[in-house]
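Line by line, the protein sequences are chains A and B. When we follow this note's numbering, the leftmost residue of the first sequence carries the number 1, and every step to the right adds one. When we follow this note's numbering, the leftmost residue of the second sequence carries the number 1001, and every step to the right adds one. Glycine included, every Cβ here is placed at the ideal spot set by N, Cα and C.
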Amino acid sequence: MSVIVYIESEENKIKKASLEAVSYAKKISESLKKDLIAVSLNLTDFSILKNYGVDKLYNISDDKLKVFEVNIYSNNLSNLFNELEPEIIVITSSANSRYLGPILASKIDAAYMSNVASLPISYSPFSVKRSCFTNKAFNETSTKKSTVVLSLSSNSYGLHENKSNLILEEIKGIDSNSALKIDSLEKLTNKVTIADADIVVSGGRGLKGPENWHLIEDLAKVLGAATACSKPVSDMGWRPHSEHVGQTGKPVASNLYIAVGISGAIQHLAGVNSSKVKVVINNDPEAPFFRSADYGIVGDAFEVLPKLIEGLKAIK
Amino acid sequence: MNILVCISNVPDTTSKINFKNNDSEFDSNGVQYIINPNDEFGLTRAIWFQEKNNAEVTVLTVGDQTCEPILRKCLAIGANKAIRIDAVPKDGFFVASQISEICKINKYDLIICGRESIDYNGAMVGGILSNMINCPYVANCIGLSIDNKKATLEREIDGGKEVLSCELPVIIGSQKGLVEETDLIIPNMRGIMQARQKTLEVLPANSIKNLTDTNKFFKPQPKKEVKLVDSEDVNELINLLQNEAKVL
Ligand SMILES: Cc1cc2nc3c(=O)[nH]c(=O)nc-3n(C[C@H](O)[C@H](O)[C@H](O)COP(=O)(O)OP(=O)(O)OC[C@H]3O[C@@H](n4cnc5c(N)ncnc54)[C@H](O)[C@@H]3O)c2cc1C
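Right, here's the structure in full:
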């Protein structure tokens, strides 16, 4: 019986969200007085895991695992998990993890809980706090199953360093096939993604048109931030759908979310509310966003943004 | 072609979220229910296949009688028939188990679930169903075309998209992008009248038990008041973000 954390990596780089998952799983393993086991796929540089408390790492290497494919990944992981008989498996809440989680849980006959927002409240029965109603509330969910897969909401626990002596065990992948064939993969490599970003700069209808988006992009650039937008902005084609955040778009859980010319409709807020610090720039002091922001400037975006960009350039 | 669209009955996006009975239950008093938006994008795509390829579209929900208005709405939008599995959905595993029974009896070429429901946000029914009925699943689906028995699908990934293909049948997790907002169908009078004549079959639930229980609800902590900075003094904002919030 053990506690396992699944390490997500891309091109041999471990995702920051996975380090948060490791920190979280370490705390659980300490409470249960167990070693923390991590499982990675095709990783060659794992030194950083020693700083976050991984006691043992199983690294599965196989050419077939180079790109994420849900069936081959879940077959390999479930094969190992069936041997290790873990009680608790922690994964991140990235798009790929949320795709993998339910399938993996079903394969190993485990309960699955998404949007986990707290350490376990109790271990028998096992229960945690999860967000629901798109961040408008939380609930306590419990299970009597002996194995549970937890998808940890990003930025809900944080990174906690914890030194360990990592023991590595290299294993080979199993022979596995998928009914799904990946034909192509398009990925912007030079841009920070909304999912991975510490800071997200988001623009709404208040920016008047796509021709003004250089302001959002310049601000994002000085901050090393990802760019996002409100739903009407993507509906009108000012920005790609992939930037649409909110209840029906992507969720945002960054450290800092800067909303410019966004009114703060309930469906928008629902998707971005789990960001730690929210800043709003809007010329209407009555805009609802001011009620859920931490900092705000009542002002015209076209005047405030250039000054903000200059000011930030000066300190960077 | 036979299409099954799994529908979740959810509180309207603007609903005030309240709980009752010692915070153990959602308080539906005064709440308007809608078709889960992600499911509606999927239903809209299904109706497109109905018009182009003569597909037969069945909508299904696991829920009690209070879910029937949204099933009627799906029929008014154009679905051919509806199935309600008579049970209060306890968790995603329970719902997937119920749907899997139907999928074993009827053969569907395409099964559509929403990416996630906006009430419990589990994002798990499609994936669990996939393993239960051994059928491939594509989550976060933003594109689907079908040629003969072959499906080409687009999956939204962090920072891009992936194009996949497979033989039918396939399960997808639908979301915006699969169709546009402007493609959504508002039922007209004729649709509403026709919906009354269409079959809404009520089936008993199987005996599979849920794996998880929701015991208690909480509301988030009330927020502190926003700190306003003068628009002439943006450097003060930078200072606050750097030294107070410590996020820069
Ligand atoms: C089922 C459903 C799901 C939805 N899902 C989402 C979702 O996921 N995400 C989402 O974003 N929305 C969603 N919406 C839409 C949502 O209700 C709002 O319509 C939308 O968020 C408004 O976008 P906005 O703030 O950009 O535009 P508006 O509401 O038009 O706000 C524009 C703001 O810009 C300000 N402004 C104007 N000029 C300036 C200026 N010069 N400088 C500074 N500020 C200025 C205005 O004061 C105003 O507050 C959904 C709606 C429904 C019904």
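Under 7 Å by beta carbon: chain B residues contacting residue i
i, result
"LEU312 of chain A", "ILE1238"
"PHE290 of chain A", "VAL1226"
"ASP235 of chain A", "GLU1181"
"GLU266 of chain A", "The displayed chain sequence assigns Ile, not Glu, to residue 266 of chain A. What ILE266 of chain A touches in chain B: THR1013 and THR1014."
"ASN255 of chain A", "VAL1247"
Candidates the options, of which the one nearest residue i by Cα
i, options, result
"ASN1022 of chain B", "B:PHE1217, B:GLY1092, B:PHE1041 and B:MET1132", "B:PHE1217"
"GLY249 of chain A", "B:ASP1233, B:PRO1089 and B:ILE1118", "B:ILE1118"
"CYS132 of chain A", "B:VAL1010, B:MET1001 and B:CYS1006", "B:VAL1010"
"ILE43 of chain A", "A:LYS13, A:SER263, A:ASP198 and A:SER23", "Checking the sequence shown, residue 43 of chain A turns out to be Leu, not Ile. Comparing Cα-Cα distances from LEU43 of chain A to each of A:LYS13, A:SER263, A:ASP198 and A:SER23, the minimum goes to A:LYS13."
"GLU140 of chain A", "B:PRO1187, B:LYS1219 and B:SER1174", "B:LYS1219"
"ARG239 of chain A", "A:GLY204, A:SER118 and A:ILE309", "A:GLY204"
"VAL298 of chain A", "B:LEU1248, B:ARG1196, B:LYS1246 and B:VAL1226", "B:VAL1226"
"GLU1101 of chain B", "B:LYS1090, B:ILE1083 and B:GLU1116", "B:ILE1083"
"ASN79 of chain A", "A:ILE91, A:ILE60, A:GLU69 and A:TYR52", "A:ILE60"
"SER122 of chain A", "A:ILE28, A:ALA270, A:VAL200 and A:SER292", "A:ILE28"
"VAL200 of chain A", "A:ASP235, A:PHE126, A:GLU186 and A:LYS276", "A:LYS276"
"PHE1019 of chain B", "B:LEU1200, B:THR1013 and B:VAL1031", "B:VAL1031"
"LYS1149 of chain B", "B:CYS1166, B:TYR1137 and B:GLN1197", "B:CYS1166"
"TYR1108 of chain B", "B:ALA1055, B:GLU1068 and B:ILE1185", "B:ALA1055"
"LYS1209 of chain B", "B:ASN1121, B:GLN1098, B:ILE1007 and B:PHE1026", "B:GLN1098"
"ILE1133 of chain B", "B:ALA1046, B:LYS1104, B:GLU1244 and B:GLY1042", "B:LYS1104"
Beta-carbon gap between residue i and residue j smaller than 8 Å
i, j, result
"ALA25 of chain A", "VAL3 of chain A", "yes"
"ASN1038 of chain B", "GLY1114 of chain B", "yes"
"GLY261 of chain A", "LEU207 of chain A", "yes"
"SER1028 of chain B", "ASN1215 of chain B", "no"
"LEU1144 of chain B", "LEU1168 of chain B", "no"
"GLY1191 of chain B", "CYS1141 of chain B", "no"
"SER242 of chain A", "ILE1128 of chain B", "no"
"VAL280 of chain A", "GLY264 of chain A", "yes"
"VAL1262 of chain B", "VAL1125 of chain B", "Here chain B comprises residues numbered 1001 to 1248, so residue 1262 of chain B is not present and cannot be evaluated."
"ALA220 of chain A", "THR193 of chain A", "no"
"VAL1062 of chain B", "ASN1080 of chain B", "no"
"VAL67 of chain A", "TYR112 of chain A", "no"
"ALA270 of chain A", "ASN135 of chain A", "yes"
"ALA982 of chain B", "ARG1072 of chain B", "Missing from the structure shown is residue 982 of chain B; chain B here goes from 1001 to 1248 and no further."
"LYS313 of chain A", "VAL222 of chain A", "yes"
"LEU1004 of chain B", "ILE1070 of chain B", "no"
"ILE103 of chain A", "SER74 of chain A", "yes"
"SER94 of chain A", "ALA195 of chain A", "yes"
"GLU374 of chain A", "SER97 of chain A", "Residue 374 of chain A is absent from the model: chain A starts at 1 and stops at 316."
"VAL5 of chain A", "LEU36 of chain A", "yes"
"ASP1086 of chain B", "VAL1202 of chain B", "yes"
"THR143 of chain A", "ILE108 of chain A", "no"
"VAL1234 of chain B", "VAL304 of chain A", "yes"
For residue i: DSSP bridge partner residues
i, result
"GLU169 of chain A", "A:TYR58"
"GLY1114 of chain B", "B:SER1174"
"PRO1204 of chain B", "B:ASP1086"
"GLU1051 of chain B", "Answer is none; GLU1051 of chain B lacks a bridge partner."
"ILE1017 of chain B", "In the DSSP output, where bridge partners are listed per residue, ILE1017 of chain B has none listed."
"ASP198 of chain A", "Paired residues: none, contrary to the question."
"SER114 of chain A", "None; SER114 of chain A has no bridge partner."
"SER142 of chain A", "A:SER127 and B:ASP1213"
"LEU1248 of chain B", "For LEU1248 of chain B, which the question treats as bridged, DSSP gives no partner whatsoever."
"SER1165 of chain B", "A:LYS181 and B:THR1152"
Partner residues on chain A for residue i, Cβ-Cβ distance less than 9 Å
i, result
"LYS1219 of chain B", "LYS136, ALA137 and PHE138"
"GLU1101 of chain B", "The contacting residues do not exist; GLU1101 of chain B stays about 15 Å from chain A at best."
"PRO1136 of chain B", "VAL70, ASN71, SER178, ALA179 and LEU180"
"CYS1166 of chain B", "SER178, ALA179, LEU180 and LYS181"
"ASN1215 of chain B", "SER127, ASN139, GLU140, THR141 and SER142"
Contact set between residue i and chain A, taken where Cβ atoms lie within less than 7 Å
i, result
"ILE1189 of chain B", "Looking at the sequence itself, residue 1189 of chain B is Met, so the reference to Ile does not match. In chain order: nothing, as chain A lies at least about 27 Å away."
"GLY1122 of chain B", "SER114"
"LEU1211 of chain B", "ALA111, THR143 and LYS145"
"ASN1022 of chain B", "Ordered by position in chain A, no residue passes the 7 Å Cβ test against ASN1022 of chain B, which lies about 12 Å from the chain."
"LYS1161 of chain B", "GLU186"
Contacts of residue i in chain B (Cβ-Cβ under 8 Å)
i, result
"ASP175 of chain A", "Going along chain B, no residue has its Cβ under 8 Å from ASP175 of chain A, so there is no contact; the nearest lies around 18 Å."
"ILE297 of chain A", "LEU1228, VAL1229, ASP1230, SER1231, VAL1234 and LEU1237"
"ARG98 of chain A", "ALA1123 and ALA1139"
"GLU161 of chain A", "The premise fails here: GLU161 of chain A is roughly 17 Å from chain B at the closest Cβ pair, so nothing lies under 8 Å."
"ILE103 of chain A", "GLY1127, ILE1128, SER1130, ASN1131 and TYR1137"
"SER153 of chain A", "Chain B residues near SER153 of chain A: none, gap ~10 Å exceeds 8 Å."
Interface residues of chain A facing residue i [CB-CB closer than 8 Å]
i, result
"ASP1119 of chain B", "CYS132 and PHE133"
"VAL1095 of chain B", "Correct list: empty, because the minimum Cβ distance to chain A is about 11 Å."
If you measure from each residue's Cβ to the nearest non-hydrogen atom of ligand 1, which ones come out under 5 Å, in chain order?
Residues with a Cβ closer than 5 Å to any heavy atom of ligand 1, in chain order: A:GLY204, A:ARG205, A:GLY206, A:SER230, A:LYS231, A:PRO232, A:GLY246, A:GLN247, A:THR248, A:GLY249, A:GLY261, A:ILE262, A:SER263, A:ALA265, A:GLN267, A:HIS268, A:ASN282, A:ASN283, A:ASP284, A:ALA287, A:ASP300, A:ALA301, B:THR1013 and B:PRO1037.
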